[in-house]
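Novice: In order, the protein sequences belong to chains A and B.
For what it's worth, my numbering labels the leading residue of the first sequence as 1, then goes sequentially.
For what it's worth, my numbering labels the leading residue of the second sequence as 1001, then goes sequentially.
For glycine and all other residues, C-beta sits at the position ideal for the given N, C-alpha and C.
First the structure, which I've put down as structure tokens, then a few questions once you've had a look.
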Amino acid sequence: MLLSDSDMADFSLTGCELEDLALPKKSIIASNMAWCTFRNIDFSHTTLLNTFFDFCLFENCKFNNILCRYSVFSGSKMIDCDFSGSVIIHTNFCGIDTFRCNFSDCDLYFSTFNSSFLRDTDFEDCNLKKADFVYTDQRRVSFRYSNYEEARH
Amino acid sequence: MNIYQHFSVVGFCNTYLVAPKHGSEALLIDPGHVDLELIHLIESNHYKLKHVLLTHRHTAHTEGLGTLRKIYDVTVHASSFSAYEFAYESLEDKDVLNICNLSVEVIHVPGHSLDSMVFKIDHALFTGDTLLCGRIGSTPGYREQALLINSISQRLMNLDENILLFPGHGTASKLRIERMFNHDLLQLGTIETEREHWRDEE
């Protein structure tokens, strides 16, 4: 199902472990993927709408040029993940724990990073209007060329 | 149950279209602003819009009602604490509405405003401005804030923690996420219900 070209809707895949996959250009809509482990997964060019990825582990995953809206990544741990060039709006990243992640060149309008632990993570040249960075613990985080002053922090 | 989220840049309000199945009767929660995108959402999915639920009376959540009532013949449901210039069905705490083949539980959560209502439909909670992602709703003073935190603690935090949260502004969430990461609720300490029932399965 994940690897087919057809769109996924109302799909539940909680608690599974996935490794070394490249998803085709497809839409994942109103699906539940909470508590999963994703290692070396390529989500690039996918569309994620109303999809829940809360309390997941993402290791070495690519999310380049994705369109993500109304989705939830809360409580997830992200290591070496690349979100650059994506449109990620109205998305919930509350309580995430990132290490060596890249959100550069992203539109993060109305996305929430509240209560997150961000380490060695870049938010360069991003649109941060209405984004939320309140109560975040930031270590070696770069907001160069982004409108951080328009975010809540 | 199908839930469609619509965001309007006028008032930055989320409007939710809820229906039991494709092409059936549907209800709308908080029509903050009615635009072509929202009309298209209703019409392209062949929904028959019959009811409107209002979480509270702030204009960001009700302003689109005038336009909506010109297009659709809808019954408006709002808190009995509210006062509107149009006819509406008043809601009380703990009411259960059976509309559009859905069971809607009404939960009164005052604090952000006296008339703030939360609607529980199946496994989804439409919280309006009471509980948002990562924070609680704004309040005019510290007494109202204490009232809101107390209301959330007593009326919402005893629900299933996997319940989905659809707030009036911002992103969707889950009750578990708010329990763990919402700084405004950290002062509640350990969740009472977990303490009460944690040995139930033994």
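Determine whether the beta carbon atoms of Ile1163/B and Ile1149/B lie at a separation below 8 angstroms.
Specialist: Residue mapping note: residue 1163/B aligns to position 163 of the second sequence, counting from 1. Residue mapping note: residue 1149/B aligns to position 149 of the second sequence, counting from 1. No, the Cβ-Cβ distance between Ile1163/B and Ile1149/B is not below 8 angstroms.
Novice: Going residue by residue through the stretch 1126-1187 of chain B, where are the continuous alpha helix (DSSP H) segments of at least 4 residues, counting only ones entirely within it?
Specialist: 1142-1151 and 1175-1181
Novice: Which full runs of the alpha helix (DSSP H) of 4+ residues lie inside the stretch 1065-1134 of chain B, going along the chain?
Specialist: 1065-1071
Novice: Taking the beta carbon of Met33/A as the centre, do at least 16 other beta carbons fall within 10 Å, making it buried, or is it exposed?
Specialist: Position 33 of the first sequence, counting from 1, holds the residue named residue 33/A. Label assigned to Met33/A: buried.
Novice: Identify the contact partners of Met1001/B in chain A, using a Cβ-Cβ distance below 9 angstroms as the criterion.
Specialist: Working through the second sequence from its first residue, we reach residue 1001/B at position 1. Within chain A, no residue comes near Met1001/B; the closest Cβ sits about 10 angstroms away, beyond 9 angstroms.
Novice: Output yes or no for whether 8 angstroms exceeds the beta carbon distance between His1006/B and Leu1049/B.
Specialist: Residue numbering aside, residue 1006/B sits at position 6 when the second sequence is read from its first letter. Residue numbering aside, residue 1049/B sits at position 49 when the second sequence is read from its first letter. Contact flag unset, no.
Novice: Give the straight-line distance between the Cα atoms of Ile1039/B and Ile28/A, rounded to the nearest whole angstrom.
Specialist: Counting from one through the second sequence, the residue named residue 1039/B turns up at place 39. Counting from one through the first sequence, the residue named residue 28/A turns up at place 28. Between Ile1039/B and Ile28/A, the C-alpha separation is close to 24 angstroms.
Novice: Using a Cβ-Cβ cut-off of less than 9 angstroms, list which residues of the stretch 1172-1184 of chain B approach chain A; keep chain order.
Specialist: Ala1172, Ser1173, Lys1174, Arg1176, Ile1177, Glu1178, Met1180, Phe1181, Asn1182 and His1183
Novice: Who are the near neighbours of Asp82/A in its chain, counting only those whose CB is closer than 8 angstroms to its CB and skipping five residues on each side?
Specialist: As a working note, residue 82/A is residue 82 in the first sequence. Answer for Asp82/A: Cys61, Lys62, Phe63, Asn64, Cys101 and Asn102, listed in chain order.
Novice: Alpha carbon to alpha carbon, how far is Glu19/A from Glu59/A? Give it in angstroms, no decimals.
Specialist: In the first sequence, the residue the question calls residue 59/A occupies position 59. In the first sequence, the residue the question calls residue 19/A occupies position 19. Rounded to whole angstroms, Glu59/A to Glu19/A spans 9 angstroms at the Cα level.
Novice: Apply the 10 Å Cβ neighbour rule to Ile1003/B and answer buried if 16 or more other Cβ atoms are within range, or exposed otherwise.
Specialist: Residue mapping note: residue 1003/B aligns to position 3 of the second sequence, counting from 1. Ile1003/B comes out buried.
Novice: Between Phe43/A and Cys1013/B, what straight-line distance do the alpha-carbon atoms span, to the nearest angstrom?
Specialist: Here residue 43/A is taken as the residue at index 43 of the first sequence, counted from 1. Here residue 1013/B is taken as the residue at index 13 of the second sequence, counted from 1. Rounded to the nearest angstrom, the two C-alpha atoms are 30 angstroms apart.
Novice: Hey, out of Ser104/A, Asp5/A, Thr14/A and Asp120/A, whose CA is closest to Asp54/A's CA?
Specialist: Numbered from its first residue, the first sequence carries residue 54/A at position 54. Per the Cα distances, Thr14/A.
Novice: Using the rule of at least 16 other Cβ atoms within 10 Å of the residue's Cβ for burial, across every protein chain shown, is His1022/B buried or exposed?
Specialist: Here residue 1022/B corresponds to residue number 22 of the second sequence, with the count starting at 1. When all chains shown are included, His1022/B counts as exposed.
Novice: In the DSSP assignment, find the beta strand (DSSP E) that holds Glu19/A and state where it starts and stops.
Specialist: Position 19 of the first sequence, counted from the start, is the residue given in the question as residue 19/A. Start and end: Glu17 to Ala22.
Novice: Closer than 7 angstroms, Cβ to any Cβ of chain B: which residues of the stretch 64-94 of chain A, in chain order?
Specialist: Tyr70, Val72, Ser74, Gly75, His90, Thr91, Asn92 and Cys94
Novice: Cβ closer than 7 angstroms: which chain B residues qualify as neighbours of Tyr135/A?
Specialist: Working through the first sequence from its first residue, we reach residue 135/A at position 135. Neighbours of Tyr135/A on chain B, chain order: His1183.
Novice: Which of helix, strand or coil does DSSP assign to Ile66/A?
Specialist: For the purposes of this step, residue 66/A is taken as the residue at position 66 of the first sequence. Reduced to three states, the DSSP call for Ile66/A is coil.
Novice: Let me make sure I understand the geometry here. Which of Phe143/A, His90/A and Cys68/A has the alpha-carbon closest to that of Lys26/A?
Specialist: Here residue 26/A refers to the residue found at position 26 when the first sequence is read from its first residue. Nearest of Phe143/A, His90/A and Cys68/A to Lys26/A, Cα basis: Cys68/A.
Novice: Measuring CA to CA, which of Asp125/A, Gln138/A and Ala131/A is closest to Arg144/A?
Specialist: Residue 144/A sits at position 144 when you count from the first residue of the first sequence. The shortest C-alpha separation from Arg144/A is found at Asp125/A.
Novice: Run the CB neighbour count on Ser86/A, radius 10 Å, all protein chains shown included, and call it buried at 16 or more, exposed below.
Specialist: By 1-based counting over the first sequence, the position of residue 86/A is 86. Counting Cβ neighbours within 10 Å, Ser86/A comes out buried, since at least 16 surround it.
Novice: Could you check how far apart the C-beta atoms of Pro1167/B and Thr1127/B are, in whole angstroms? I think they sit under 8 angstroms.
Specialist: For the purposes of this step, residue 1167/B is taken as residue 167 along the second sequence, with counting starting at 1. For the purposes of this step, residue 1127/B is taken as residue 127 along the second sequence, with counting starting at 1. Contact flag correct, Cβ pair sits at about 5 angstroms.
Novice: Identify, in the order they occur along the chain, each residue of the same chain with its Cβ nearer than 8 angstroms to the Cβ of Arg1195/B, setting aside the five sequence neighbours on each side.
Specialist: Position 195 of the second sequence, counted from the first residue, corresponds to residue 1195/B. Since pLDDT at Arg1195/B reaches only 42, below the 50 mark, its modelled position is unreliable, and the value read off the structure follows with that caveat. Cβ within range, chain order: n/a, list empty.
Novice: What first and last residue would you give for the beta strand (DSSP E) that runs through Glu1025/B?
Specialist: By one-based count along the second sequence, residue 1025/B stands at place 25. Run containing Glu1025/B: Glu1025 to Ile1029, per the beta strand (DSSP E) assignment.
Novice: Could you check the C-alpha separation between Gln138/A and Phe117/A for me, to the nearest Å?
Specialist: Translated into positions along the first sequence, residue 138/A becomes position 138. Translated into positions along the first sequence, residue 117/A becomes position 117. One C-alpha to the other measures close to 6 angstroms.
Novice: For Phe1181/B, I'd like the list of residues in its chain whose CB is within less than 7 angstroms of its CB, leaving aside the five on either flank, ordered along the chain.
Specialist: As a first step, residue 1181/B must be located in the second sequence, where it is residue number 181. Same-chain partners within the cutoff: Gly1134.
Novice: Mind checking if Thr112/A is an interface residue toward chain B, Cβ cutoff 8 angstroms exclusive?
Specialist: As a first step, residue 112/A must be located in the first sequence, where it is residue number 112. At least one CB atom of chain B sits nearer than 8 angstroms to the CB of Thr112/A.
Novice: If the cut is a Cβ gap below 7 angstroms, which residues of chain A does Phe1007/B touch?
Specialist: For the purposes of this step, residue 1007/B is identified with residue 7 of the second sequence, where counting begins at 1. Near Phe1007/B (Cβ distances below 7 angstroms), the residues of chain A are His90.
Novice: Could you check where the alpha helix (DSSP H) with Glu124/A kicks off and where it finishes?
Specialist: Stepping through the first sequence from its first residue, residue 124/A is reached at position 124. No alpha helix (DSSP H) contains Glu124/A, which DSSP labels as neither H nor E.
Novice: Can you give me the start and stop residues for the alpha helix (DSSP H) that Leu1038/B sits inside?
Specialist: What you label residue 1038/B is simply residue 38 of the second sequence in a count that begins at 1. It spans Leu1036 to Ser1044 - the alpha helix (DSSP H) in which Leu1038/B sits, taken as one unbroken run.
Novice: Please look up how many angstroms separate the CB atoms of Thr210/A and Phe93/A, rounded, as I've assumed it's under 8 angstroms.
Specialist: Nothing about residue 210/A can be reported from this structure: the residues present for chain A run from 1 to 153 only.
Novice: My assumption, with CB atoms under 8 angstroms, is that Leu1159/B sits in contact with Leu1175/B. Please give the rounded CB distance.
Specialist: Against the second sequence, residue 1159/B aligns to sequence position 159. Against the second sequence, residue 1175/B aligns to sequence position 175. The pair is a contact, with the Cβ atoms about 6 angstroms apart (cut-off 8 angstroms).
Novice: How should Thr1193/B be labelled, buried or exposed, when 16 other C-beta atoms within 10 angstroms of its C-beta is the threshold for buried?
Specialist: Mapped onto the second sequence, residue 1193/B falls at position 193. Confidence in Thr1193/B is poor, its pLDDT being 48 and thus under 50, which makes the residue's placement unreliable; the coordinate value appears in the next sentence. Label assigned to Thr1193/B: exposed.
Novice: Starting from the C-beta of Thr91/A, find all residues in its chain whose C-beta is less than 6 angstroms away, skip the five residues before and the five after it, and write them out in chain order.
Specialist: Counting from one through the first sequence, the residue named residue 91/A turns up at place 91. Cβ within range, chain order: Cys68, Ser71 and Ser111.
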